[in-house]
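Here's the structure, in structure tokens; my notes come after.
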Amino acid sequence: MKRVWFYTIVVLQVAFLLVMAVGYYAMDQFGETVHLRTAPVDPRDPFYGDYVILNYEVETIPASKWIGSEEVERGEKVFLLLEQEKDLYQLLKASDERIEAKDQQVVMEARMEWHDQTSDGPYSVDLGLGRYYVEENTGGEWEGTDSRIVEVVLAPWGQKKINSIQ
1 MKRVWFYTIV
11 VLQVAFLLVM
21 AVGYYAMDQF
31 GETVHLRTAP
41 VDPRDPFYGD
51 YVILNYEVET
61 IPASKWIGSE
71 EVERGEKVFL
81 LLEQEKDLYQ
91 LLKASDERIE
101 AKDQQVVMEA
111 RMEWHDQTSD
121 GPYSVDLGLG
131 RYYVEENTGG
141 EWEGTDSRIV
151 EVVLAPWGQK
161 KINSIQ
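The sequence shown begins at 1 in UniProt numbering and counts up one residue at a time.
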């Protein structure tokens, strides 16, 4: 009986790893591609190497585009409705309640960072795509550059990843 439990646990662990790996690559097949504007900043970490910090335009939400509740806690899930305009996706509205997308629109999940309630200022959210690792000793090329376009793939099951930076 102990052997059966042991092999069952091993098989479940392997199956879990396979599902994770297949899900990552299935995003390219089944996901929707979104192009977002960003401004890269290049830090260096001795343990992780060169990476670029990406600050997306859609992560700053003007109060006029916020349709959710007034008090949203840090870390709470928020939804951004993006619409395609030419080659880029632009923010239409954001809320802490799920939003339905129409044609040429997508919904991205993010986490609330902060909101300046004293002056009815903008809301700041985190898409969870703030770091992009680059080849060793090439991070300096990214620093100080103008805005770039990031290709993000959104899977139907909610996962997202950076495909490329142009």
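In this text, a Cβ means the ideal position worked out from N, Cα and C, and glycines have one as well.
Here the structure is a predicted model, which means the values were calculated and not measured.
Host alpha helix (DSSP H) of Arg98 (start-end):
Mapped onto the sequence shown, residue 98 falls at position 98. Premise fails: Arg98 is in no alpha helix (DSSP H) and is neither H nor E.
Using CA coordinates, which residue listed in Asn163, Asp146, Ile99, Leu36 is at the minimum distance from residue 177?
No information on residue 177 is available, as it lies outside the stretch 1 to 166 that the chain covers here.
Near residue 184, which residues of its chain fall below 6 Å by C-beta distance, leaving aside the five closest residues on each side in sequence?
A question about residue 184 goes unanswered here, because the residues of the chain that appear run from 1 up to 166.
Met20: buried (16+ other C-beta within 10 angstroms of its C-beta) or exposed?
Within the sequence shown, residue 20 is the residue found at index 20, counting from 1. So Met20 ends up on the exposed side.
CA-to-CA distance, Tyr51 to Ile67, given in whole angstroms
Sequence index remark: in the sequence shown, residue 67 carries index 67 (1-based). Sequence index remark: in the sequence shown, residue 51 carries index 51 (1-based). Approximately 34 Å, taken between the alpha carbons.
In whole angstroms, what separates the C-alpha of Val5 from that of Gly23?
In the sequence shown, the residue the question calls residue 5 occupies position 5. In the sequence shown, the residue the question calls residue 23 occupies position 23. The residue you asked about is not Val; residue 5 is Trp in the sequence shown. Using only the alpha carbons, I get a separation of about 27 Å.
Whole-angstrom Cβ separation of Glu59 and Asp126, contact assumed at under 8 Å?
For the purposes of this step, residue 59 is taken as the residue at position 59 of the sequence shown. For the purposes of this step, residue 126 is taken as the residue at position 126 of the sequence shown. Their Cβ separation, rounded to whole angstroms, is 7 Å, which keeps Glu59 and Asp126 in contact under 8 Å.
Element boundaries [alpha helix (DSSP H), containing Val14]
Start at 1 with the first residue of the sequence shown, and residue 14 comes out as number 14. For Val14, the enclosing alpha helix (DSSP H) has its first and last residue at 2 to 30.
DSSP bridge partner residues for residue 199 (one or two, in chain order)
The shown model of the chain, from 1 to 166, leaves out residue 199, and the question about it has no answer.
Identity of the residues DSSP links to Lys161 by a beta bridge
Locating residue 161 in the sequence shown gives position 161, where the first residue counts as 1. The partner list for Lys161 (beta bridge, DSSP) reads Val153.
Sort Leu91, Gln117, Val72 by Cα distance to Val80 and report the nearest one.
Within the sequence shown, residue 80 is the residue found at index 80, counting from 1. Note that residue 80 is Leu in the sequence shown here, rather than Val. Leu80 has its Cα closest to that of Leu91, out of Leu91, Gln117, Val72.
Which of the three DSSP states is assigned to Glu124 in this structure?
In the sequence shown, the residue the question calls residue 124 occupies position 124. Note that residue 124 is Ser in the sequence shown here, rather than Glu. Note: Ser124 maps to strand in three-state DSSP.
Boundaries (first-last residue) of the beta strand (DSSP E) holding Val106:
Counted from its first residue, the sequence shown places residue 106 at position 106. Unbroken beta strand (DSSP E) run through Val106: 105 to 115.
Exposed unless 16 or more other CB atoms sit within 10 angstroms - verdict on Ala15
Translated into positions along the sequence shown, residue 15 becomes position 15. In this structure Ala15 is exposed. Its beta-carbon is surrounded by fewer than 16 other beta-carbon atoms within 10 angstroms.
Determine the contact status of Tyr123 and Ala94, defining contact as a CB-CB distance below 8 Å.
The residue you call residue 123 lines up with position 123 of the sequence shown. The residue you call residue 94 lines up with position 94 of the sequence shown. Yes.
Is the beta carbon of Leu129 less than 8 Å from the beta carbon of Leu82?
Here residue 129 is taken as the residue at index 129 of the sequence shown, counted from 1. Here residue 82 is taken as the residue at index 82 of the sequence shown, counted from 1. No, the pair does not count as a contact, with Cβ atoms beyond the cut-off.
Straight-line Cα distance separating Lys161 from Ile9:
In the sequence shown, residue 9 corresponds to position 9, counting from 1. In the sequence shown, residue 161 corresponds to position 161, counting from 1. Roughly 30 Å separates the two Cα atoms.
Classify Met108: buried if its beta carbon has 16 or more other beta carbons within 10 angstroms, exposed otherwise.
The residue labelled residue 108 in the question sits at position 108 within the sequence shown. Burial state of Met108 is buried, judged by a 10 Å Cβ sphere holding 16 or more other Cβ atoms.
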